[in-house]
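The numbering of the sequence shown is the numbering used here, which starts it at 1 and goes up by one. Take a look at the structure below.
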Amino acid sequence: MIQADDLVFLAGPRTIVNKSLIHFRVPGRKLSKVMILGANAMGRELARDLQGTGVRVKLIDRNEEKCRLASDQLRGVLVLHGEGTDGSLLENEGVADMDGFVSVSQDDETNTMACLLASHHGARKTVCLVNRPDYVPLLPLLGVDSAISPRLSTSAFIARFVKRGAVISSESLGYSGSEILQLRVVDGCPWLGKPLSKLNFPDKAVIGAVLKQGRVLTPRGGTVLEVGDEVVVFALSDGVTAVEDFFAGGQR
Numbered sequence: 001m002i003q004a005d006d007l008v009f010l011a012g013p014r015t016i017v018n019k020s021l022i023h024f025r026v027p028g029r030k031l032s033k034v035m036i037l038g039a040n041a042m043g044r045e046l047a048r049d050l051q052g053t054g055v056r057v058k059l060i061d062r063n064e065e066k067c068r069l070a071s072d073q074l075r076g077v078l079v080l081h082g083e084g085t086d087g088s089l090l091e092n093e094g095v096a097d098m099d100g101f102v103s104v105s106q107d108d109e110t111n112t113m114a115c116l117l118a119s120h121h122g123a124r125k126t127v128c129l130v131n132r133p134d135y136v137p138l139l140p141l142l143g144v145d146s147a148i149s150p151r152l153s154t155s156a157f158i159a160r161f162v163k164r165g166a167v168i169s170s171e172s173l174g175y176s177g178s179e180i181l182q183l184r185v186v187d188g189c190p191w192l193g194k195p196l197s198k199l200n201f202p203d204k205a206v207i208g209a210v211l212k213q214g215r216v217l218t219p220r221g222g223t224v225l226e227v228g229d230e231v232v233v234f235a236l237s238d239g240v241t242a243v244e245d246f247f248a249g250g251q252r
C-alpha cells in the first residue's frame with residue numbers, strides 16, 4: 001500500500017511513465033527557474049548545463065572574485081554577490097518563484113541553512129550538497145528535499161566499473177537503502193528459456209523493465225529472458241549480491 005511521503009520509483013517506457021505521473025499528482029510543467037548558491041566550479045557547471053536547456057538561472061556567492069569569474073563565463077546567467085543564508089536576499093530575489101534551489105558551496109552548514117531558508121521562503125524544491133556522507137539521510141528529515149554527497153557519487157561511479165558479471169551499471173537510490181541495477185543477460189545462466197514466473201528470483205529484488213531488441217517491455221510472468229536482453233532491477237542493498245550472482249552466468 002502506497003502512503004503519503006513514500007518514495008516511489010517507476011520503470012518503463014518514457015511515455016507510459018509520464019502518463020503514470022498523474023496518479024501521483026506530479027506537476028508536469030517544465031523546469032524554468034533555478035537559483036544556485038555557490039559560484040565554484042560545480043555551481044558554474046550546473047548553471048551552464050541548466051541554461052543550456054532553457055532554464056533561467058540565478059547564481060549567488062559571497063566571494064566577489066568568484067562572482068566576477070562566473071559573470072564572465074556565463075552570459076545570460078544573473079550572478080549575485082551576497083550571502084546565500086541571508087533570508088532577505090533570497091526573498092528579494094524571488095526564491096518563492098523558483099522551481100528549484102540548489103546549494104553547492106564548500107560549507108555543509110551554509111548549504112543546509114540556505115536550503116532551509118529557501119524552503120521557508122517558498123522554493124518548490126531544495127537540493128543540498130554535503131561533503132559528509134553521514135549527513136545525507138538526515139537532511140530530508142529536516143525539510144531538505146534532496147541531499148547529495150560528492151563522496152557517495154564518486155563511490156557509485158567507481159562501483160559501476162568494478163562490478164563483475166553482467167552488471168552494466170548501478171546506482172544507489174539516495175537514502176532509501178536500495179539500488180537500481182542495469183544488467184545484461186549472458187550465456188551460461190541456468191534459467192535461460194524459462195518464463196519469469198518459473199524463476200527463483202532473489203526475494204529482495206524485483207525486475208522493473210526489460211529491454212529486448214531495442215524495445216522496453218514491462219515484465220510479465222510469461223516473459224522469457226534471452227541472451228543479450230537487458231533488465232532493470234530494483235534491489236535492497238543487502239540483496240544486490242544475490243542479483244549479481246543470479247545474472248552472472250559463467251562469469252564468476
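Every residue, glycine too, gets a C-beta built ideally from N, C-alpha and C. Keep in mind it's a predicted model, so treat the numbers as computed, not measured.
A contact between stretches requires three or more CB pairs, one per stretch, nearer than 8 Å, and the stretch 124 to 140 fails this requirement with the stretch 57 to 72.
Going by C-alpha positions, Leu-211 is about 48 Å away from Asn-63. Contact between the stretch 232 to 243 and the stretch 177 to 193 is present, with at least three C-beta pairs closer than 8 Å. Judged by pairs of C-beta atoms under 8 Å, the stretch 30 to 39 touches the stretch 93 to 113, as three or more such pairs exist. Considering only Leu-69, Gly-208, Gly-222, the residue with the shortest C-alpha distance to Ser-197 is Gly-222.
Per DSSP, Ser-237 has no beta bridge partner at all. In the DSSP assignment, no residue is bridged to Asp-134. Between Gly-143 and Ser-119, the beta carbon gap of about 6 Å places them in contact (Cβ cut-off 8 Å).
Per DSSP, His-120 lies in no beta strand (DSSP E); the unbroken alpha helix (DSSP H) holding it starts and ends at 108 to 120. In the three-state reduction of the DSSP assignment, Glu-93 falls in the coil class. Taking a C-beta distance under 8 Å as the contact criterion, Asn-111 and Val-130 qualify as a contact pair. Secondary-structure assignment with DSSP links Arg-124 through no beta bridge to anything. DSSP assignment within the stretch 173 to 250 yields the following whole beta strand (DSSP E) runs of 3 residues or more, N-terminal first: 178 to 184, 205 to 212, 215 to 217, 230 to 236. Of the candidates Val-104, Leu-80, Leu-138, Val-104 places its Cα closest to the Cα of Cys-128.
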